[in-house]
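K.L.:
Sequential numbering of the sequence shown, starting at 1, is according to UniProt numbering. Beta carbons: idealized from backbone N, C-alpha and C, even for Gly.
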Amino acid sequence: MGVLVVFGSKRGGTAGLADMIGDALTETGCDAFVCPADGVADFVRVDAVIVVGALYANRWHRDARRFVRRNAEALRGLPVWLVSSGPLDDSAERQDIPPTKQVLKLVDAVGARGHVTFGGRLAPDAKGFPASAMAKTKAGDWRNQAHVQRWVETVVNQLQSLKPGRAQS
Ligand SMILES: Cc1cc2nc3c(=O)[nH]c(=O)nc-3n(C[C@H](O)[C@H](O)[C@H](O)COP(=O)(O)O)c2cc1C
């Protein structure tokens, strides 16, 4: 099963999260293709799509937004999940954090099967304002492999149940 994982990332944390998702998919036996959201050429051999976007001031990274809008028609015909990244604390591990208003519109636009928020990362030496100021108190890496793995397993279970030939309940 081919799963395309596309990401919009400003400072690399969300790109790394997309890699974690790709690795977890590979471990379950899927073929994972991890790719920047502005670099997707086609959907050949793609059975499902996961779009991962960094959150800045409650807005999803532009590349992730554009990818969803530009490919909305194709995405409506595939199982899709949207992923937001992410809070600079352990809140995403403690509770389900719903999509922001903007991301919810994208969920609806493509009929995504689900959305999840994972913790983010901010380097202590982050450049540019206000990131550099935020880094003084909020720097840290809150991406959690175990959390990612658990979520990927739920996605793969849903994909297995969509396979043709399986009895529908
Ligand atoms: C200026 C700034 C604004 C941010 N705003 C949000 C936000 O609204 N919601 C959130 O969950 N995380 C927010 N974050 C945390 C980022 O989403 C997190 O650092 C993420 O991992 C960044 O991804 P990137 O390294 O791929 O750019 C913000 C971070 C910065 C520096």
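1. Terminal residues of the continuous alpha helix (DSSP H) containing Thr26?
2. Quick check on Ser85: does DSSP put it in helix, strand or coil?
3. Using a threshold of 7 angstroms, is the CB atom of Asn58 nearer than that to any non-hydrogen atom of ligand 1?
4. Evaluate the contact criterion for the segment 81 to 95 versus the segment 115 to 132: three or more CB pairs, one atom per stretch, below 8 angstroms.
5. Pick out whichever of Asp125, Asp90, Gly16 and Asp141 has its Cα sitting closest to the Cα of Ala135.
6. For Ser9, verify whether its CB is less than 7 angstroms away from any heavy atom of ligand 1.
7. Mind checking Asp63: buried by the 16 CB within 10 Å criterion, or exposed?
8. Between Gly13 and ligand 1, is there a pair consisting of the residue's CB and a ligand heavy atom that are separated by less than 7 angstroms?
9. Compute the minimum distance between the beta carbon of Met134 and the heavy atoms of ligand 1, and state whether it is under 7 angstroms.
10. Whose C-beta lies closer than 6 angstroms to the C-beta of Ser169 among residues of the same chain, with five residues either side of it excluded?
11. Measure the Cβ-Cβ separation of residue 170 and Val107 and say whether it is below 8 angstroms.
12. Would you identify the three-state DSSP class for His147, choosing helix, strand or coil?
13. Compute every distance between the C-beta of Arg121 and the non-hydrogen atoms of ligand 1, then say whether any falls below 7 angstroms.
P.N.:
Reading it off the structure:
1. Gly13 to Glu27
2. strand
3. yes
4. yes
5. Asp125
6. yes
7. buried
8. yes
9. yes
10. In this prediction, Ser169 has a pLDDT of 44, which is less than 50 and means its spatial position is unreliable; what the coordinates show is noted afterwards. Once the five neighbours on either side are set aside, Ser169 has no close Cβ partner at all.
11. Since the displayed the chain opens at 1 and closes at 169, residue 170 lies outside it and no answer follows.
12. helix
13. yes
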